[in-house]
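A.B. asks: Numbering (this note's numbering), first residue to last: 362 to 720.
One structure, as structure tokens, below. Some questions next.
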Ligand SMILES: *Cc1c(COP(=O)(O)O)cnc(C)c1O
């Protein structure tokens, strides 16, 4: 069977090797006589799986010992509420940088709990850039500063880590986690849903500096309290066991293939190939400011938008799928960690061919 090159914004592709492992171990994990799906989350075997997954994540992302790692549910979306509930800690204000769709979702939820200061926004230019730090107007009373390190819809990525001094920096890394090495120390909290870069839907990773744990607002339900999850080793309730297992396999695949340095090199090669083509083309176009272009999500438009459906059909016939953009944003190629270079090479070839035929 020919596997498709899946450019979907999420869920994303998984490495073939990982899917093969899942199939081989599906009915009987390591002689346990059962599938990971059937295991007790408190049993010796699953504790081994979650322990190894956490250790590998710590190693691959170089997470210092002073940070806790949580395996939660509720997607990136639930973090939009959990962050203010847990990090306000007696304050009544928070800073948010608005780079588009996902920042807006986070802001909307935060407004239920505190006054939100939009410290910077790229809305004035249709979310086509990342506001430089000099443009930020932060609130001295803010409990934390929230930003989306890679806006999936706008295709805008911060290629630098904001400096927020003593104020904890919170990052939604849902779409660029594990795509490059990061300095975890510069952050108070990092979160990411798993289904884009490290596995399947149902799992959200939270990396939180230990001094930020335990100050949730009194109204916080147990399930939304990081402190409760930390105390219980991510087993305050039944964790998403199978998704944790798959994330573990993806981490092993990353380690085996050269770690984050190798992944980053591949992302640079794939995204340059596509952007170089877009910049030379008279027919396709990406509007994002060059320095802020995402290596992961590349939105683009056709000179003649009426050809979009034809383009989607043309690429699908070549095994290149899910290139539809977000809402009004035309087309988009999302290249998560499991996208092979070959997929992007074929996409660019198809775009050239399409341009030659319809341009
Ligand atoms: C996909 C995404 C989310 C939401 O994730 P869900 O798991 O669907 O809740 C949040 N933030 C960003 C940047 C995303 O790309």
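Every residue gets a Cβ at the ideal spot worked out from N, C-alpha and C, and that includes glycine.
(1) Measure the beta-carbon distance from residue 421 to residue 612 and round it to whole angstroms, keeping in mind my assumption that it falls under 8 angstroms.
(2) Using only alpha-carbon positions, find the residue among 602, 661, 635 that is nearest to residue 396.
(3) Taking residue 433 as part of the beta strand (DSSP E), name the residues at either end of that continuous run.
(4) To the nearest angstrom, how far is it from the Cα of residue 489 to the Cα of residue 517?
(5) So what's residue 447 in DSSP terms, helix, strand or just coil?
(6) Give every residue whose Cβ lies closer than 6 angstroms to any heavy atom of ligand 1, listed in chain order.
(7) Runs of 4 residues minimum, wholly inside the segment 657-687: which ones carry the alpha helix (DSSP H) assignment?
(8) Where does residue 378 sit, in a helix, a strand or coil, going by DSSP?
(9) Quick one: is residue 415 buried, meaning 16 or more other Cβ sit within 10 Å of its Cβ, or exposed?
(10) Residue 481 and residue 506: beta carbons closer than 8 angstroms?
(11) Using only CA atoms, which one of 702, 498, 513 lies nearest to residue 649?
(12) Sort 484, 548, 500, 523 by Cα distance to residue 429 and report the nearest one.
(13) Would you mind giving the Cβ-Cβ distance between residue 762 and residue 449, rounded to the nearest angstrom? I have them listed as a contact below 8 angstroms.
(14) Since residue 591 and residue 635 should fall inside the 8 angstroms C-beta cutoff, what is the C-beta to C-beta distance between them, to a whole number of angstroms?
(15) Between the segment 685-704 and the segment 554-564, do three or more beta carbon pairs fall short of 8 angstroms?
(16) By DSSP, does residue 632 sit in helix, in strand, or in coil?
(17) What residue does the beta strand (DSSP E) around residue 552 start on, and which one ends it?
(18) Is the separation between the beta-carbon of residue 470 and that of residue 515 shorter than 8 angstroms?
(19) Relative to the C-alpha of residue 437, which candidate in 536, 425, 629 has its C-alpha closest?
(20) Counting Cβ pairs, one atom from each stretch, are 3 or more of them under 8 angstroms apart for the segment 610-626 and the segment 375-393?
(21) With DSSP as the reference, identify every bridge partner of residue 646, one or two as the case may be.
(22) Could you tell me which of 571, 606, 585 sits nearest to residue 598, measuring between CA atoms?
(23) Could you give the C-beta distance for residue 692 and residue 675, rounded to a whole number, given that I count them as a contact under 8 angstroms?
(24) Within its chain, find whatever has a CB closer than 8 angstroms to the CB of residue 403; leave out the 5 residues flanking it on each side and keep chain order.
(25) By the 10 Å Cβ neighbour count, where 16 or more other Cβ atoms means buried, how is residue 533 classified, buried or exposed?
C.D. replies: Looking at the coordinates:
(1) Within the chain shown, the letter at position 60 stands for residue 421. Within the chain shown, the letter at position 251 stands for residue 612. 6 angstroms between Cβ atoms; contact.
(2) Locating residue 396 in the chain shown gives position 35, counting from the first residue. That would be 602, whose Cα lies nearest to the Cα of residue 396.
(3) As a working note, residue 433 is residue 72 in the chain shown. First-last of the beta strand (DSSP E) with residue 433: 428-433.
(4) What you label residue 489 is simply residue 128 of the chain shown in a count that begins at 1. What you label residue 517 is simply residue 156 of the chain shown in a count that begins at 1. The straight-line gap from Cα to Cα measures roughly 7 angstroms.
(5) Mapped onto the chain shown, residue 447 falls at position 86. Residue 447: helix per DSSP, three-state reduction.
(6) 371, 436, 437, 438, 463, 509, 513, 533, 535, 536, 554
(7) 669-677
(8) In the chain shown, the residue the question calls residue 378 occupies position 17. Helix, per DSSP.
(9) Taking the chain shown and counting its residues from 1, one reaches residue 415 at position 54. It counts as buried.
(10) For the purposes of this step, residue 481 is taken as residue 120 along the chain shown, with counting starting at 1. For the purposes of this step, residue 506 is taken as residue 145 along the chain shown, with counting starting at 1. Not closer than 8 angstroms, so no.
(11) Position 288 of the chain shown, counted from the start, is the residue given in the question as residue 649. The shortest Cα separation from residue 649 among 702, 498, 513 belongs to 513.
(12) Taking the chain shown and counting its residues from 1, the one referred to as residue 429 is at position 68. Nearest option by C-alpha distance: 548.
(13) The structure shown does not extend to residue 762, since the chain is modelled only from 362 through 720, so no value can be given for it.
(14) To locate residue 591, count along the chain shown from 1; it is residue 230. To locate residue 635, count along the chain shown from 1; it is residue 274. Not really, about 40 angstroms apart at Cβ, beyond 8 angstroms.
(15) yes
(16) As a position in the chain shown, residue 632 is number 271, starting the count at 1. Three-state result, residue 632: helix.
(17) Looking up residue 552 in the chain shown gives position 191. Residues 550-554.
(18) Counted from its first residue, the chain shown places residue 470 at position 109. Counted from its first residue, the chain shown places residue 515 at position 154. No, these two residues do not count as a Cβ contact at 8 angstroms.
(19) Taking the chain shown and counting its residues from 1, the one referred to as residue 437 is at position 76. Ranking the options by Cα distance to residue 437, first place goes to 536.
(20) yes
(21) Your numbering for residue 646 matches position 285 in the chain shown. Partner(s): 662.
(22) The residue you call residue 598 lines up with position 237 of the chain shown. Per the Cα distances, 585.
(23) For this step, residue 692 is matched to residue 331 along the chain shown. For this step, residue 675 is matched to residue 314 along the chain shown. So it is not a contact: roughly 12 angstroms between Cβ atoms.
(24) For the purposes of this step, residue 403 is taken as the residue at position 42 of the chain shown. Counting only Cβ-Cβ distances below 8 angstroms, and skipping sequence neighbours, we find 596.
(25) To locate residue 533, count along the chain shown from 1; it is residue 172. Answer is buried; the Cβ neighbour count reaches 16.
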